[in-house]
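Asker:
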Amino acid sequence: MRDWILHVDLDQFIAAVEILRHPELRGKPVVVGGSGDPTQPRTVAATATYEAREHGIHSGMPLRTALKRCPEAIFLPSDPPAYEAASAHVMAVLREFPVRVEIWGWDEAFLGATTDDPETLAATIRQTVRERTQLSCSIGIGDNKHQAKLASGLAKPAGIYRLTSDNWAEIMNDRPTDALWGIGAKISKKLAALGLHTVAELAAADPTHLARHFGPTNGPWYRYLALGKGEAEIVTTPWIARGHSRETTFQHDLTDETDIAHHVADLANQVAHDAREAGRDITRVSVKVRFTPFLTRTRQSKLPAPTTDPATIQQAALTILTRFDLTRPVRLLGVAVDYTLPRADQPTLDTVE
DNA sequence: TCTGGGGTCCTAGGACCC
DNA sequence: TCTGGGGTCCTAGGACCC
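Residue numbering for the first sequence is 1 to 353, as defined by UniProt numbering.
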């Protein structure tokens with residue numbers, strides 16, 4: 001018996017939940033996002049079914065573009081409470097197995113398991129999730145979270161795949177660096193400019209050289225990823241948020257300063273009430289302004305003392321707003337806050353159990 | 001492709017202090 | 001006083017992820 005990390009990834013989660021609610025849409029091109037009106041500007045797809053993808057539609061694509069690519073597609077509004085409920089159901093099923101469960105968003109979880117036969121365990125989990133929730137998932141098996149996460153991607157759709165230190169080099173070496181979990185388009189391009197195109201090349205790179213270009217933490221970490229290493233600890237206690245934010249993109253630009261201030265005050269109020277509901281103290285307030293065409297600026301300030309008082313948060317946000325040059329049209333406003341972290345040396349409800 | 005919303009973590013530079 | 005070096009805190013921005 002030995003320890004394994006499994007990564008359970010629900011296939012096409014949001015679309016799958018919507019198909020369950022609207023069975024007549026099965027097999028059709030369906031796009032989910034915004035309020036479901038594909039003629040609305042500045043609204044993007046949260047997800048698209050495989051049938052919609054065949055028309056070149058993908059998540060993040062503006063709904064208006066999706067409509068042009070596939071006029072017969074069905075557009076549905078996003079319904080987060082429904083996805084939360086479906087997600088909770090799946091997580092409850094996972095917890096029935098003799099595994100440690102770390103929830104990683106709506107449609108993902110890492111499992112810590114001790115077994116001789118991880119494939120059989122994964123197959124049982126996949127089958128049980130399907131029977132109990134009618135949702136399909138892919139399961140990756142690895143020595144750590146990074147390997148398991150990539151393995152579930154290789155397993156899609158509805159498969160099981162093992163990626164461990166034994167076959168890492170064989171499977172990953174020739175892939176581009178952005179195949180790694182944590183390296184995206186920007187870093188991949190910078191690495192390529194240094195002559196590092198593949199996972200194998202990055203794995204063989206000099207950590208000092210990488211540190212010079214990407215910083216003392218990030219540089220060596222990229223090489224670490226390329227070697228197939230990663231975190232292997234499963235944390236079963238609920239995640240404690242570091243902060244919280246609310247933002248709105250306006251369909252039509254805002255130009256009136258009073259109007260802008262009202263929206264910022266509203267967002268600050270919402271964030272303050274969210275914090276109070278979550279029982280968290282706020283230490284810092286940030287305001288985000290996106291100007292047309294797409295220029296984003298943030299300003300922030302640390303509060304004199306942690307607070308949950310909405311009036312204080314609102315006033316702080318409005319004061320920060322005065323530091324922007326608001327002569328250009330505004331397409332987005334946002335307010336974000338940082339929370340105080342509960343003291344680790346004090347027992348909390350989460351750690352007492 | 002005229003580009004959502006909600007998060008996390010890291011870095012660089014300036015201010016300030018000794 | 002023309003000028004070192006280190007440490008910490010704060011802010012703005014960038015990159016990544018779902």
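Think of the CB as a built atom: it goes at the ideal place given N, C-alpha and C, for glycine as much as any other residue.
Source: prediction; values computed, not measured.
#1: Quick one: residues in its chain with C-beta nearer than 8 Å to the C-beta of leucine 326, no 5 flanking neighbours on either side, listed in chain order?
#2: To the nearest angstrom, report how far apart methionine 61 and valine 199 are at their CA atoms.
#3: Can you tell me whether aspartate 338 is helix, strand or coil according to DSSP?
#4: Please classify valine 335 as buried or exposed, where buried requires at least 16 neighbouring CB atoms within 10 angstroms.
#5: Is there contact here, the region 111–130 with the region 75–88, by at least three beta-carbon pairs under 8 Å?
#6: Locate the beta strand (DSSP E) running through glutamate 24, then write down its first and last residues.
#7: DSSP three-state label for residue 357, please.
#8: Check whether the Cβ atoms of threonine 292 and proline 329 sit closer than 9 Å, and answer yes or no.
#9: To the nearest whole angstrom, what separates the beta carbons of isoleucine 183 and proline 342, a pair I think is in contact under 8 Å?
#10: Taking the alpha-carbon positions, what's the histidine 244 to leucine 94 distance?
#11: By a C-beta neighbour count over all protein chains shown, 10 Å radius and 16 as the cutoff for buried, is proline 29 buried or exposed?
#12: The alpha helix (DSSP H) spanning threonine 49 covers which residue range?
#13: Out of Leu332, Val337, Glu201, which one is the CA nearest neighbour of aspartate 281?
#14: Tell me, please, whether the region 268–284 touches the region 299–316 by the rule of three or more beta-carbon pairs shorter than 8 Å.
#15: What's the gap between the Cα of threonine 348 and the Cα of threonine 237?
#16: Give me the Cα-Cα distance between alanine 192 and glutamine 134, rounded to the nearest whole angstrom.
#17: In this structure, what does DSSP give as the bridge partners for leucine 10?
#18: If you drop the 5 nearest sequence neighbours on each side, which residues of the same chain put their C-beta closer than 7 Å to that of arginine 64?
#19: Tell me whether the region 96–108 and the region 45–56 touch, counting them as touching only if at least three CB pairs, one residue from each stretch, are closer than 8 Å.
#20: Please confirm whether residue 369 and leucine 163 have their CB atoms less than 9 Å apart.
#21: Determine the extent of the alpha helix (DSSP H) in which arginine 290 is found, giving its start and end residues.
#22: I'd like the span of the beta strand (DSSP E) that includes isoleucine 74, first residue to last.
#23: To the nearest whole angstrom, what separates the beta carbons of arginine 323 and arginine 299, a pair I think is in contact under 8 Å?
#24: Within 10 angstroms of the Cβ of glutamine 147, are there 16 or more other Cβ atoms? Answer buried if so, exposed if not.
#25: Can you give me the Cβ contacts of glutamine 346 inside the same chain, cut-off strictly under 8 Å, excluding the 5 residues immediately before and after it?
#26: Taking proline 155 as the reference, give the member of Asp9, Ala109, Pro176 with the closest Cα.
#27: Using the DSSP secondary-structure output, state which residues sit across from lysine 302 in a beta bridge.
#28: With burial defined as no fewer than 16 other Cβ atoms inside 10 Å of the residue's Cβ, what is the status of proline 23: buried or exposed?
Answerer: Taking the coordinates as given:
#1: If you ignore the 5 residues before and after leucine 326, its C-beta comes within less than 8 Å of the C-beta of Glu257, Ile260, Val289, all in its own chain and listed in chain order.
#2: Distance between the alpha carbons of methionine 61 and valine 199: 29 Å.
#3: DSSP places aspartate 338 in strand when its eight states are reduced to three.
#4: Buried.
#5: No, they do not touch.
#6: Premise fails: glutamate 24 is in no beta strand (DSSP E) and is neither H nor E.
#7: Since the displayed the chain opens at 1 and closes at 353, residue 357 lies outside it and no answer follows.
#8: Inclusion of threonine 292 and proline 329 in the CB contact set at 9 Å is warranted, their separation being smaller than that value.
#9: At roughly 32 Å, the Cβ-Cβ gap does not stay under 8 Å, so isoleucine 183 and proline 342 are not in contact.
#10: Whole-angstrom Cα-Cα distance: 28 Å.
#11: Flag for proline 29 reads buried.
#12: Per DSSP, threonine 49 lies in no alpha helix (DSSP H) and is assigned neither H nor E.
#13: Closest option to aspartate 281, Cα to Cα, is Val337.
#14: As far as the Cβ criterion goes, the region 268–284 touches the region 299–316, which means the pair count is three or higher.
#15: With a pLDDT of 44 at threonine 348, under the threshold of 50, the modelled position of that residue is not reliable, and no figure is offered here.
#16: Taking the straight line joining both Cα atoms gives about 43 Å.
#17: Bridge partners of leucine 10: Cys137.
#18: So the list reads Pro38, Thr39, Pro41, once near-sequence residues are dropped.
#19: The region 96–108 vs the region 45–56: no contact.
#20: Absent from the structure is residue 369, since the part of the chain shown begins at 1 and ends at 353.
#21: Looking at the DSSP string, arginine 290 is not in any alpha helix (DSSP H); the run it does join, the beta strand (DSSP E), is 282–291.
#22: According to the DSSP assignment, isoleucine 74 belongs to the beta strand (DSSP E) that extends over 74–76.
#23: In this structure arginine 323 touches arginine 299 by the C-beta definition: roughly 5 Å separates them, less than 8 Å.
#24: By the neighbour-count criterion, in which 16 or more other beta carbons inside 10 Å mark a residue as buried, glutamine 147 falls on the buried side.
#25: Here glutamine 346 scores only 46 on pLDDT, less than 50, and its place in the model should not be relied on; the value that follows carries that caveat. Excluding sequence neighbours, glutamine 346 sits near nothing in its chain.
#26: The question names proline, yet the displayed sequence has alanine at residue 155. Relative to the Cα of alanine 155, the nearest Cα in the group Asp9, Ala109, Pro176 belongs to Asp9.
#27: Answer is Arg284, bridged to lysine 302.
#28: The residue is exposed, with fewer than 16 neighbouring Cβ atoms inside 10 Å.
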